[in-house]
Every structure is written in C-alpha cells, then in structure tokens.
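Peer 1: The opening position of the sequence shown corresponds to residue 514 in my numbering, with each subsequent residue numbered one higher. My questions all concern the structure below.
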Amino acid sequence: MPLETLKSRIDRLPSPSVRAQRAVAVAVVVTQALIAVTGSVVRVTGSGLGCSTWPQCQPGSLVPVDHPEFAALNQWIEFGNRLLTGIVGLIAIAAFALAYLTRPHRRHYLRLALAMPLGVVVQAIVGGLTVRFDLLWWTVAVHFLASTVMVWLAVLLVHAVDEGDEPPVPLGPRALPGLLLASIAVLGGLLVAGTMVTGAGPHAGDPDTPRLGLPVETLAHVHAWFMFGYLAMLVAAGFLLRTGPATRSLWRRYLILVAVVLAQGGLGFVQFWTGVPELLVSLHVLGAMGVIVATTSLWCATRERPIGTTEIDVPRAVAV
C-alpha cells in the first residue's frame with residue numbers, strides 16, 4: 514500500500530475524545546513509574562542477571578529455561594520485568610497515535626507524545642546494555658534516571674492533552690517558576706545521590722556485581738542533605754504562595770507535594786536505620802516516582818498554554 518494512501522486512510526479516522534487521550538496519558542505515567550518499581554524488585558531479589566543476556570533470556574531462548582547457574586525464580590522475575598517493557602511500549606505507542614489523530618495537530622502535544630515510544634526504545638537499549646555490562650552500578654543508575662525523565666515527560670503529556678501551542682501564560686507569584694526551577698535542579702541532585710547510595714549499598718541486582726567504592730553512610734548523608742535543601746526550597750515556595758496570587762490548584766498541588774516529600778524523606782530515614790530491607794527499597798523507589806509526579810504537576814500549575822482559536826477545529830467524525 515503506498516504511503517500516501519495509508520496516510521489518507523489514517524487521516525480519515527475519527528478524532529479521539531479528550532477523555533480517551535487523558536486516560537491513555539495517565540496510563541503512560543502509571544506504567545513508566547511501575548517499571549521503575551519492578552526494576553527495583555529485580556535488584557533487591559538479586560535477579561538482575563537472572564536472564565544472562567539480552568534480548569534473549571538465556572543463549573538460544575527468549576524465555577527462561579532450566580539452567581544450572583540461574584534459579585528459575587530469578588529468571589522469571591527478570592523476564593517479567595522485560596515483558597512489562599512491552600506493555601509500556603504499547604501504551605506509549607497508543608498515546609502517540611491518539612495525539613496524531615487529534616485535529617488540528619498541536620506541536621507541543623505531539624512532540625511529547627512522540628517522546629514516549631522513543632523513550633521506551635532508549636530505555637530498552639539502556640536496559641540491554643546494563644545486562645551486557647553485568648549490572649555495573651553506573652549503568653543501573655543511568656537506567657533509573659532515564660525512568661525519572663520519562664515519568665516527568667509523561668506528566669507533562671497528561672497536561673498537554675488540554676494545552677495548545679500558544680506561548681505559556683504564567684500563573685501565581687512571579688518569582689515562583691524561577692524558584693521551582695532551582696528546586697528541580699536540587700531534586701536532580703537528590704536523585705543522582707540516591708543512585709550512588711544504591712550503587713554502594715547491598716542491593717546490586719546480583720551477588721557478584723562490583724559496588725561503588727565509596728562509604729555508604731557518607732553518600733546517604735549527602736542524599737539526606739539534598740532532601741533537606743529541597744524541602745527548604747518548598748518552604749520558600751509556600752511563603753511565595755501566601756504573599757502573591759495563587760490559585761486553588763496551585764495550593765492543592767503544593768500541599769500534595771510537601772506531603773509526598775515528607776513521607777518519602779521519612780521512609781528514607783527508616784530504610785537507613787533498619788538496614789535497607791528489600792521491601793522498603795522498592796517502596797522508596799515508588800516514593801521517588803511520587804515526588805517526581807507531584808513536582809511536575811506543581812510546575813504545570815504555574816503556567817497554562819491556552820488553545821488558540823486557530824487550533825479549534827470542526828471534528829472530522831464523531832469522537833470515540
């Protein structure tokens with residue numbers, strides 16, 4: 514079938530409803546966060562090399578097989594995480610398809626939607642390299658940090674469903690966006706420090722994987738100081754909200770973010786004091802995803818991109 518014919522047939526498809534677009538975008542956020550959590554399960558169970566190669570699980574087999582060196586449970590945990598990547602990819606493709614079918618095209622929305630399947634491909638490659646390099650701590654760190662970026666972009670995608678291509682209009686106190694940008698930089702340092710704590714800690718993903726040769730306690734203290742710095746900047750943001758114009762949405766998202774950060778910080782301290790138990794490690798990764806989602810949501814509430822009159826189009830067919 515010629516490409517022109519295929520494109521014309523696609524262009525005749527009905528425009529998706531806003532509800533469908535939003536639901537799929539939210540599913541992208543959930544699955545991107547979920548695969549980071551399941552990745553932590555792989556790590557704390559020592560299943561990172563349960564499948565000894567990539568993209569196959571074992572040489573000559575895509576799926577787990579009886580093997581004298583690799584326990585069946587470890588193989589299936591790693592293999593299950595790989596299968597989840599396929600689900601993440603399908604949902605990401607669906608998000609892009611819905612964005613493409615929306616008329617007229619909105620560049621901001623379409624670019625974010627395209628970033629979803631492309632990001633999944635990049636993540637799969639990084640994951641494969643992580644296995645190929647036998648779970649070197651920095652490859653695991655890059656793999657996790659890539660997930661944090663994908664979650665951030667996925668939340669932006671959710672908001673882009675209702676946004677146009679007009680220049681963003683600031684909302685709330687004038688100094689708030691700058692303060693939040695600075696806090697996001699601190700949050701980035703917090704996440705990087707967290708990956709270094711993991712790199713030096715006991716949960717390598719495989720018992721024979723070399724660890725980062727730095728004191729865990731020192732790295733944990735650096736990680737904690739980043740958290741205190743981030744909290745201090747959130748307190749400053751609260752003062753700005755009290756002294757300037759602030760919508761109810763801004764206040765609500767701000768309070769949710771503060772609550773999530775406090776819970777995540779408390780969980781981190783409990784995790785450290787109790788010897789880094791496996792369950793708390795995975796919960797801490799889940800909390801990190803929650804902090805990223807809440808931070809991005811607050812950032813989105815500081816601005817809006819109104820849909821211009823040129824972007825309002827008569828539907829081509831009844832919305833589905």
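Ideal placement from N, C-alpha and C gives every residue a C-beta, glycine not left out.
Taking 7 Å as the cut-off, decide whether the C-beta atoms of P581 and F592 are in contact.
Peer 2: For P581 and F592, no; Cβs fall outside 7 Å.
Peer 1: Measuring alpha carbon to alpha carbon, tell me which residue in V664, T643, A610 is nearest G632.
Peer 2: That would be V664, whose Cα lies nearest to the Cα of G632.
Peer 1: Using the DSSP secondary-structure output, state which residues sit across from P572 in a beta bridge.
Peer 2: Answer is none; P572 lacks a bridge partner.
Peer 1: Tell me which residues share the same chain as L725 and place their Cβ nearer than 7 Å to its Cβ, disregarding the 5 neighbours each side in the sequence.
Peer 2: Cβ neighbours of L725 beyond the five flanking positions: W650, M709, G712, A713.
Peer 1: Residue ranges of each alpha helix (DSSP H) run of no fewer than 4 residues wholly in the stretch 618-690, ordered along the chain?
Peer 2: Whole alpha helix (DSSP H) segments, 4+ residues: 620-645, 650-673.
Peer 1: Is L770 closer than 7 Å to L703 when the C-beta atoms are compared?
Peer 2: The answer is no: Cβ separation not under 7 Å.
Peer 1: State the Cα-Cα distance for the pair T815 and A654, rounded to the nearest angstrom.
Peer 2: When rounded, the distance between both Cα atoms is 30 Å.
Peer 1: In whole angstroms, give me the CA-to-CA distance for D678 and L666.
Peer 2: If I take the Cα positions, the gap works out to 17 Å.
Peer 1: Quick one, which of P572, L732, P686, C813 has its alpha-carbon nearest A706's?
Peer 2: When each option's Cα is compared against that of A706, the closest is L732.
Peer 1: Thinking C-beta only, is R535 closer than 7 Å to E676?
Peer 2: No. Outside cutoff.
Peer 1: Between L747 and L753, what straight-line distance do the alpha-carbon atoms span, to the nearest angstrom?
Peer 2: Taking the straight line from one Cα to the other gives about 10 Å.
Peer 1: In the structure shown, what three-state DSSP assignment does E582 receive?
Peer 2: Coil, per DSSP.
Peer 1: Pick helix, strand or coil for R816, following the three-state DSSP scheme.
Peer 2: Strand at R816.
Peer 1: Sorted by chain position, which residues of the same chain lie with C-beta nearer than 7 Å to I805's C-beta, five sequence neighbours on each side aside?
Peer 2: Result list for I805: T661, V664, W665, in chain order.
Peer 1: Comparing alpha-carbon positions, which option in C564, L689, F609, M629 lies nearest V644?
Peer 2: The option with the nearest alpha carbon to V644 is C564.
Peer 1: Given a cut-off of 7 Å, decide if M629 and R605 are closer than it, judged by their beta-carbon atoms.
Peer 2: The residue asked about is misnamed: residue 605 is Ala in this sequence, not Arg. Cβ atoms of A605 and M629: closer than 7 Å.
Peer 1: Would you decide whether R595 is buried or exposed? Buried here means 16 or more other CB atoms lie within 10 Å of its CB.
Peer 2: With 16 or more other Cβ atoms within 10 Å, it is buried.
Peer 1: In whole angstroms, give me the CA-to-CA distance for E730 and W786.
Peer 2: Approximately 11 Å, taken between the alpha carbons.
Peer 1: Tell me whether T756 sits in a helix, a strand or coil according to DSSP, three-state version.
Peer 2: Of the three classes helix, strand and coil, the one that applies to T756 here is helix, per DSSP.
Peer 1: When the distance is taken between beta carbons, is L780 closer than 7 Å to H797?
Peer 2: Their beta carbons are under 7 Å apart, which means H797 touches L780 by this criterion.
Peer 1: Measure the Cβ-Cβ separation of T722 and L627 and say whether it is below 7 Å.
Peer 2: Not a contact, by the Cβ cut-off of 7 Å.
Peer 1: Helix or strand or just coil, what does DSSP make of V834?
Peer 2: The first residue shown for the chain is 514 and the last is 833, placing residue 834 beyond what the model contains.
Peer 1: Can you give me the start and stop residues for the alpha helix (DSSP H) that R535 sits inside?
Peer 2: Where R535 is concerned, the enclosing alpha helix (DSSP H) stretches over 531-557.
Peer 1: My assumption, with CB atoms under 8 Å, is that V773 sits in contact with G803. Please give the rounded CB distance.
Peer 2: The pair is a contact, with the Cβ atoms about 5 Å apart (cut-off 8 Å).
Peer 1: Within 10 angstroms of its Cβ, does S574 collect 16 or more other Cβ (buried), or is it exposed?
Peer 2: Exposed, by the Cβ-count rule.
Peer 1: Where in the stretch 706-756 do unbroken runs of the beta strand (DSSP E), each at least 3 residues long, occur, reported from the N-terminal end onward?
Peer 2: Complete beta strand (DSSP E) runs here, min 3: none at all.
Peer 1: For D579, which residues in the same chain have their Cβ closer than 7 Å to its Cβ, ignoring the five residues on either side in sequence?
Peer 2: Cβ neighbours of D579 beyond the five flanking positions: none.
Peer 1: Can you tell me whether DSSP reads W589 as helix, strand or coil?
Peer 2: It is helical.
Peer 1: Can you give me the Cβ contacts of H672 inside the same chain, cut-off strictly under 6 Å, excluding the 5 residues immediately before and after it?
Peer 2: Cβ neighbours of H672 beyond the five flanking positions: C813.
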